[in-house]
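Participant:
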Amino acid sequence: MKTYDPSKYRVIFFSSAPIGIPFFEEIAQDKRFEIVGVVTQPDKPVGRGLQIQENIVKTTAKAYFQTNESDLTQDIQTPTSINPEKSEEGKAFYERLQSKQADMFIVIAYGKILPQKILEMPKFWAINVHGSLLPKYRGASPLQSVFLHKETKSWLTIMKMDAGMDTWEIIDQLSFPLQFHWTVKELIEAFCKVWPKFLNDTLRKFAKGEMTPEKQDENQVILTKKIEKADGAFEIAIDPLEEIYAKYRAFFLRPKLWCTQQGKRVVIEKLILDEKLFETHKKEPLITGKTLNPAVKEIALKPEGKKAMDRASFANGYVK
């Protein structure tokens, strides 16, 4: 029996976030793959003026398909409803996907749960890229959770998708050490440099039957949740430094690390620690009286409505 091994695997790419871009670009330039469609979130109002704006995935896809002289109306889809059994829009979306005869769906931070009927459509199923060591850190905030749980490594999991949340079979995983000074920003930057090629190579091996997906151990599951503004809160003179630093690293991009002083919200814009002194003083609070924790090398705090200030200025004006 002849193995299905085309010169190019036909890919439909699902993503709505900037983190998807390096993966899209890596697939686009790899001669083993052909992107035949992109699915992303609809245009949304942004900023104070609520101007309608397309997301970066759509912008990138338009440039790609225009270069290849494609029909943008067919190649880029932004459906509000994607379930073919619940709406006419979902049915039309399903039919357009079918017409592409895709070998693979690649899903990275798309923002919607795909119904089982769509997941089963491509020849090699729908493949998800997830930023954790599944089954640890399933859900909406895996990258932040490695910091909150004080992990020393971060992971990428490539998995087959079902209609659950990060619940099906694992194809392959890759890890690398987390540097002490890294925040989620540096993790994402490393993620985008290292993992797109790993994804492409894994997809090729999987399609050729060289990798066998494995079931997840449900006894090892740790669930994560959507991050809210309140999650960044801390008590400046009570919470231990190790908890504060974990939140700072996890919430560096959003919702930021913040506390309340004299009735105002104060954001920690920068927190640089001495790694050796951290081990000695990590159980102590950030500030005791007017004394800053000895492990702190540099700090910048921004009270609500004010400019960012250094520790001396903050202590004089806000710490009693």
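For the sequence shown, the working numbering begins at 126 and goes up steadily by one. No residue lacks a Cβ here, since even glycine has one placed at the ideal position from N, Cα and C.
1. Run through DSSP, which three-state label would residue 225 get?
2. Please classify residue 167 as buried or exposed, where buried requires at least 16 other C-beta atoms within 10 Å of its C-beta.
3. Give the DSSP bridge partners of residue 425, in chain order.
4. Quick check on residue 309: does DSSP put it in helix, strand or coil?
5. So, for residue 365: in the same chain, excluding its five sequence neighbours on each side, which residues have a beta-carbon less than 6 Å away from its beta-carbon?
6. For a test of the three-state rule: what should DSSP assign to residue 126, helix, strand or coil?
7. At a cut of 8 Å, does the stretch 206-216 reach the stretch 261-280 through at least three beta carbon pairs?
8. Report all residues from its chain with a CB closer than 8 Å to the CB of residue 250; omit the five preceding and five following residues, and keep chain order.
9. So the candidates are 353, 352 and 370; which of them puts its Cα closest to the Cα of residue 360?
10. Helix, strand or coil for residue 383? Go by DSSP, reduced to three states.
11. Identify which residue in 252, 414, 313 and 309 has its Cα closest to the Cα of residue 288.
12. With a 10 Å radius around its C-beta and 16 neighbouring C-beta atoms as the bar for buried, classify residue 418 as buried or exposed.
13. Where do the ends of the beta strand (DSSP E) carrying residue 274 lie?
14. Indicate the three-state DSSP secondary structure (helix, strand or coil) for residue 253 in the structure shown.
15. Here's a check: name, in chain order, each residue in its chain whose Cβ is nearer than 6 Å to the Cβ of residue 394, leaving out the five neighbours to either side.
16. Considering only residues of the same chain and omitting the five flanking positions on each side of residue 151, which have a CB-CB separation below 8 Å?
17. For residue 243, does the three-state DSSP call read helix, strand or coil?
18. What is the rounded straight-line gap between the Cα of residue 346 and the Cα of residue 291?
19. Have a look at residue 383 and residue 400 and give me their C-alpha separation to the nearest angstrom.
Facilitator: According to the structure data:
1. Residue 225: helix per DSSP, three-state reduction.
2. Residue 167 comes out exposed.
3. Answer by DSSP bridge pairing, in chain order: 395.
4. If DSSP states are grouped into helix, strand and coil, residue 309 belongs with the helices.
5. A distance below 6 Å between beta-carbons, with the five flanking residues on each side excluded, links residue 365 to the following residues of its chain, in chain order: 408.
6. Per-residue confidence for residue 126 stands at a pLDDT of 46, beneath the threshold of 50, marking its modelled position as unreliable; the derived number appears in the next sentence. In the structure shown, the three-state DSSP call for residue 126 is coil.
7. No contact exists between the stretch 206-216 and the stretch 261-280.
8. By the criterion of a C-beta distance shorter than 8 Å, residue 250 is surrounded in its chain by 229, 230, 244, 285 and 286, once the five residues flanking it on both sides are discounted.
9. Of the listed residues, the one whose Cα sits closest to residue 360 is 370.
10. Reduced to three states, the DSSP call for residue 383 is strand.
11. Considering only 252, 414, 313 and 309, the residue with the shortest C-alpha distance to residue 288 is 252.
12. Residue environment: residue 418 is assigned as buried (16 or more neighbouring CB atoms within 10 Å of its CB, all protein chains considered).
13. Neither: residue 274 is in no beta strand (DSSP E) and is coded neither H nor E.
14. Note: residue 253 maps to strand in three-state DSSP.
15. Within the same chain, residue 394 has close Cβ partners 425, 427 and 433.
16. If the five residues before and after residue 151 are omitted, its C-beta is found closer than 8 Å to the C-beta atoms of 321, 322, 324 and 325, all from its own chain and listed in chain order.
17. Residue state, collapsed to three classes: helix.
18. In this structure, the alpha-carbon of residue 346 lies about 10 Å from that of residue 291.
19. Spanning the two alpha carbons is a distance of roughly 22 Å.
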